[in-house]
Amino acid sequence: MVVSQHLSADVPLFSDSTLYRSIVGALQYLTITCLDIAHAVNSVSQFLHAPTEDHFLVIERIFCYVKGNLHFGLTFRPFATPGALVAYSDANWAGCFNTRRSTSGYSIYLSDNLVSWSAKKQPTVSRSNCESEYHALAHTAVELLWLMHLLRDLQVPIPQRPLPYAITKVLFFFSSAHFLTSGPSMLN
Numbered sequence: 005m006v007v008s009q010h011l012s013a014d015v016p017l018f019s020d021s022t023l024y025r026s027i028v029g030a031l032q033y034l035t036i037t038c039l040d041i042a043h044a045v046n047s048v049s050q051f052l053h054a055p056t057e058d059h060f061l062v063i064e065r066i067f068c069y070v071k072g073n074l075h076f077g078l079t080f081r082p083f084a085t086p087g088a089l090v091a092y093s094d095a096n097w098a099g100c101f102n103t104r105r106s107t108s109g110y111s112i113y114l115s116d117n118l119v120s121w122s123a124k125k126q127p128t129v130s131r132s133n134c135e136s137e138y139h140a141l142a143h144t145a146v147e148l149l150w151l152m153h154l155l156r157d158l159q160v161p162i163p164q165r166p167l168p169y170a171i172t173k174v175l176f177f178f179s180s181a182h183f184l185t186s187g188p189s190m191l192n
């Protein structure tokens, strides 16, 4: 999928919507190990109720990409002692042109192994980039806590506290500002 391409429902409908849904379902299954196609598959899956010819062309591009990258995949490397949990989060503010909702995502690594990831639309419309980034970091923190509890239950020692990284600098200023104690109660 071309990064600047925006899918819409304003073009002629695809003739076989059952075939379209079946192919998108197969692609969704493939995203379990091919994270690099997750965003494109998510985009075409938003039009399952009324797919168009343009949407099917995007599916064909996804298949061409997958065919050219069959040698890529997730790998897990053994480690003598587990390293830190490291998390990265990001969000795009008002990225969906139809609903103006933001998309947030995170990836969490244990040592060099990717153990958890997510990319999805936020349930509400954010009023600013900072708010959408704050929501993304909150979802990342929830997943980090769950993974810490899981690793503790599995008796996997974690040598240090998790390291969350936000891609934007806005949150670093926001989290270190002294005005938070007198600000809105939801941030205290």
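Just so you know, the sequence shown maps onto residues 5 to 192 in my numbering.
The C-beta atom is built at its ideal place from N, Cα and C for all residues, glycine as well.
In this text the structure is predicted, and so the values were computed from the model without any measurement.
Per DSSP, residue 42 is one residue of the alpha helix (DSSP H) stretching across 42-49.
In the three-state reduction of the DSSP assignment, residue 112 falls in the strand class. With contacts defined by Cβ atoms closer than 8 Å, residue 88 and residue 163 form a contacting pair.
Contact check for residue 78 and residue 37: beta-carbon distance about 5 Å, within the 8 Å limit, so the pair qualifies.
Looking at the DSSP output, residue 121 sits in a beta bridge with 111. For residue 39, the closest alpha carbon among the candidates 15, 11, 56 and 76 is that of 76. Taking 8 Å as the cut-off, the beta carbon of residue 109 is found no closer than this to the beta carbon of residue 130. In the DSSP assignment, residue 157 falls within the alpha helix (DSSP H) that extends over 133-157. Less than 8 Å divides the Cβ of residue 62 from the Cβ of residue 44.
Between residue 90 and residue 113 the beta-carbon gap is near 5 Å, inside 8 Å, which marks them as a contact. By alpha-carbon distance to residue 140, the top candidate from 120, 166, 170 and 132 is 170. In the three-state reduction of the DSSP assignment, residue 130 falls in the coil class, being assigned neither a helical nor a strand state. In the assembly as shown, residue 51 is a buried residue. Its beta-carbon has 16 or more other beta-carbons within 10 Å.
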